[in-house]
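In full-length UniProt numbering, the protein residues as written are 1 to 413.
Idealized CB from N, CA, C, for every residue including glycine.
Fair warning: this is a prediction, and the values are worked out from it, not measured in the lab.
What follows is a single structure, written as structure tokens, with notes after it.
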Amino acid sequence: MATFSAAAIQSGFVDIAEDFHISVQRASYLTSLFIVVLGAAPLFWRPLGQTYGRRPIFLISLIGSLVGNIGCAKSPSYGTMGLCRAITAWFISPAASLGSAVVAESFAKKDRARYMGVWTTMVTLGVPLAPFIFGFVTVRVGYRWTYWILAIINTVQFVLFFFLGLETRHVPGQATLGKSGYFTFRRIDPTPIRPVDFIAPLGLITRCNVVIAAVSYSTAFLWGSVTTTFEIPQIFPETYGFNNQQVGLQYIGIILGTLIGEFAGGFFSDQWMWRRQRRGRKTEPEYRLWLSYFGYLLVICGVVVFFVQIAKSGTEWNITPIIGAAIAAVGNQIVTTIMITYAVDCYPSESAAIGVFITFIRQTLGFIGPFWIPEMLQNTGYYASCGIITASLATVSIIPTMILQARGHKWRE
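Quick look at the structure:
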């Protein structure tokens with residue numbers, strides 16, 4: 001729901017711009033603001049989740065998000081809506097950062113990539129799925145109903161999670177509550193919370209394995225997910241005269257690409273590691289990284305096809321740019337699953353901190369991108385921009401991953 005809520009208004013950028021008499025690009029900043037808060041807020045929630053458990057944090061998260069979405073629906077001005085979007089992002093952020101910890105606490109290493117993939121798929125899928133759904137809503141009942149529907153979803157989630165969601169955080173030697181814990185909330189870890197705990201995940205900047213995995217993945221996410229999903233609602237209405245519903249339909253390709261990428265990144269990744277183990281060879285986390293190169297190449301291929309085909313299409317729409325976006329989505333999801341699983345495999349005891357750190361890096365890049373990428377496309381053109389994108393992925397993602405694969409085992413020691 002974190003990324004789903006962030007992207008929910010993308011199909012309605014034009015309507016928001018008309019409502020508040022602002023530009024479409026400025027309307028897109030409501031999503032950019034959500035993204036940056038989504039990256040920073042987990043630093044606050046992580047120590048609380050470690051001390052009091054995941055379940056109470058998730059429940060508080062849903063209540064706060066519910067209030068924020070209602071505020072957005074009733075906002076009389078652009079500034080007020082921005083404030084309420086920030087509140088919503090602050091409270092819904094635990095869902096985007098503590099997921100890696102929940103997976104690590106719930107599943108063994110041999111199944112971790114598969115279930116980590118399910119979680120990362122939901123995180124990635126929220127970005128294209130929300131504008132696809134709410135494109136229909138915006139056309140029929142107006143963009144403000146996007147917020148009312150999100151508030152209703154938060155309410156349903158709260159009820160279901162209260163009665164069905166179990167606590168996954170446990171301290172060794174401490175008895176678990178089981179189903180009796182549904183109505184019981186207590187401090188799980190007696191260790192006092194210190195001020196430094198709120199910035200502790202940033203200390204992972206000294207762990208080269210985690211830093212390279214986070215930056216490499218976040219760069220692929222910027223180009224393979226953020227760029228395509230942000231540019232569709234800005235380019236397509238102006239170039240092809242699309243309405244909100246038609247804009248929303250363009251996200252079908254990204255949705256399908258994400259699902260295909262998850263199957264490749266999760267299932268094949270586990271099979272890849274299992275086959276090596278079956279041959280009696282040690283399954284170092286770095287062995288998993290071989291599959292990430294397919295993801296990087298698909299992101300490059302997909303983004304190039306997306307922009308080149310838009311440039312060639314003129315004012316006549318065809319499906320080829322969406323095929324490119326789908327290819328990029330496949331690659332992005334492969335990289336997402338591989339790199340996050342790799343980082344957690346390196347330091348499983350720090351899975352919660354790793355989730356927060358990677359989210360911080362990813363959301364920071366995702367926040368900065370929409371401010372300069374439209375200008376890059378306008379000033380350099382689609383063809384030159386493809387060269388810039390390819391070069392950035394090669395230098396910031398592919399080459400560092402090669403270095404990580406060669407030196408990662410020594411850095412872990």
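If you follow the alpha helix (DSSP H) that residue i is in, where does it begin and where does it stop?
{"i": "residue 218", "result": "208 to 221"}
{"i": "residue 243", "result": "Taken as a continuous stretch (DSSP letters only), residue 243 belongs to no alpha helix (DSSP H), as it is neither H nor E."}
{"i": "residue 410", "result": "399 to 412"}
{"i": "residue 352", "result": "351 to 393"}
{"i": "residue 321", "result": "320 to 346"}
{"i": "residue 396", "result": "Element bounds for residue 396: n/a, residue is neither H nor E."}
{"i": "residue 17", "result": "13 to 20"}
{"i": "residue 251", "result": "It is not in any alpha helix (DSSP H) - residue 251 carries neither H nor E in the DSSP assignment."}
{"i": "residue 40", "result": "24 to 40"}
{"i": "residue 269", "result": "268 to 278"}
{"i": "residue 287", "result": "Run containing residue 287: none; DSSP gives neither H nor E here."}
{"i": "residue 157", "result": "144 to 164"}
{"i": "residue 88", "result": "78 to 92"}
{"i": "residue 57", "result": "54 to 73"}
{"i": "residue 225", "result": "Premise fails: residue 225 is in no alpha helix (DSSP H) and is neither H nor E."}
{"i": "residue 203", "result": "No alpha helix (DSSP H) contains residue 203, which DSSP labels as neither H nor E."}
{"i": "residue 108", "result": "Per DSSP, residue 108 belongs to no alpha helix (DSSP H) and is neither H nor E."}
{"i": "residue 2", "result": "2 to 7"}
Mind checking residue i: buried by the 16 CB within 10 Å criterion, or exposed?
{"i": "residue 399", "result": "exposed"}
{"i": "residue 150", "result": "buried"}
{"i": "residue 233", "result": "buried"}
{"i": "residue 299", "result": "buried"}
{"i": "residue 163", "result": "exposed"}
{"i": "residue 262", "result": "buried"}
{"i": "residue 131", "result": "buried"}
{"i": "residue 290", "result": "exposed"}
{"i": "residue 292", "result": "buried"}
{"i": "residue 207", "result": "buried"}
{"i": "residue 23", "result": "exposed"}
{"i": "residue 319", "result": "exposed"}
{"i": "residue 195", "result": "exposed"}
{"i": "residue 244", "result": "buried"}
{"i": "residue 190", "result": "exposed"}
{"i": "residue 114", "result": "buried"}
{"i": "residue 277", "result": "exposed"}
Are the CB atoms of residue i and residue j nearer to each other than 9 Å?
{"i": "residue 205", "j": "residue 401", "result": "no"}
{"i": "residue 433", "j": "residue 248", "result": "This structure cannot speak to residue 433, because the chain is shown only from 1 to 413."}
{"i": "residue 338", "j": "residue 265", "result": "yes"}
{"i": "residue 38", "j": "residue 231", "result": "no"}
{"i": "residue 139", "j": "residue 3", "result": "no"}
{"i": "residue 117", "j": "residue 267", "result": "yes"}
{"i": "residue 209", "j": "residue 1", "result": "no"}
{"i": "residue 54", "j": "residue 102", "result": "yes"}
{"i": "residue 215", "j": "residue 361", "result": "yes"}
{"i": "residue 335", "j": "residue 220", "result": "yes"}
{"i": "residue 61", "j": "residue 92", "result": "yes"}
{"i": "residue 414", "j": "residue 397", "result": "Absent from the model: residue 414. The displayed extent of the chain is 1 to 413, so no value can be given."}
{"i": "residue 273", "j": "residue 258", "result": "no"}
{"i": "residue 227", "j": "residue 9", "result": "no"}
{"i": "residue 158", "j": "residue 30", "result": "no"}
{"i": "residue 246", "j": "residue 322", "result": "no"}
{"i": "residue 44", "j": "residue 198", "result": "yes"}
{"i": "residue 121", "j": "residue 340", "result": "no"}
{"i": "residue 192", "j": "residue 42", "result": "no"}
{"i": "residue 89", "j": "residue 5", "result": "yes"}
Can you list, in chain order, the residues of its chain with a C-beta nearer than 7 Å to that of residue i? Leave out the 5 residues immediately preceding and following it.
{"i": "residue 111", "result": "270"}
{"i": "residue 342", "result": "213, 285, 288 and 289"}
{"i": "residue 187", "result": "51 and 52"}
{"i": "residue 48", "result": "57"}
{"i": "residue 381", "result": "none"}
{"i": "residue 369", "result": "222, 226 and 227"}
Suppose the cutoff is 8 Å on Cβ atoms and the five residues either side in sequence are ignored; what does the same chain contact list for residue i look like?
{"i": "residue 386", "result": "303, 304, 307 and 308"}
{"i": "residue 142", "result": "15"}
{"i": "residue 393", "result": "219, 220, 223, 296, 299 and 300"}
Which residues in the same chain have their Cβ closer than 6 Å to the Cβ of residue i, if we skip the five residues on either side of it in sequence?
{"i": "residue 145", "result": "137"}
{"i": "residue 225", "result": "127 and 332"}
{"i": "residue 73", "result": "144, 147 and 148"}
{"i": "residue 105", "result": "168"}
{"i": "residue 330", "result": "257, 260, 261 and 298"}
{"i": "residue 75", "result": "81 and 84"}
{"i": "residue 64", "result": "91"}
{"i": "residue 27", "result": "13, 16 and 17"}
{"i": "residue 413", "result": "none"}
{"i": "residue 351", "result": "100, 101, 104 and 344"}
Would you say the stretch 27 to 38 touches the stretch 249 to 259, given that touching needs at least three Cβ pairs under 8 Å? no
Could you check whether the stretch 13 to 33 touches the stretch 54 to 69, counting it as contact only if at least three pairs of C-beta atoms, one from each stretch, sit closer than 8 Å? no
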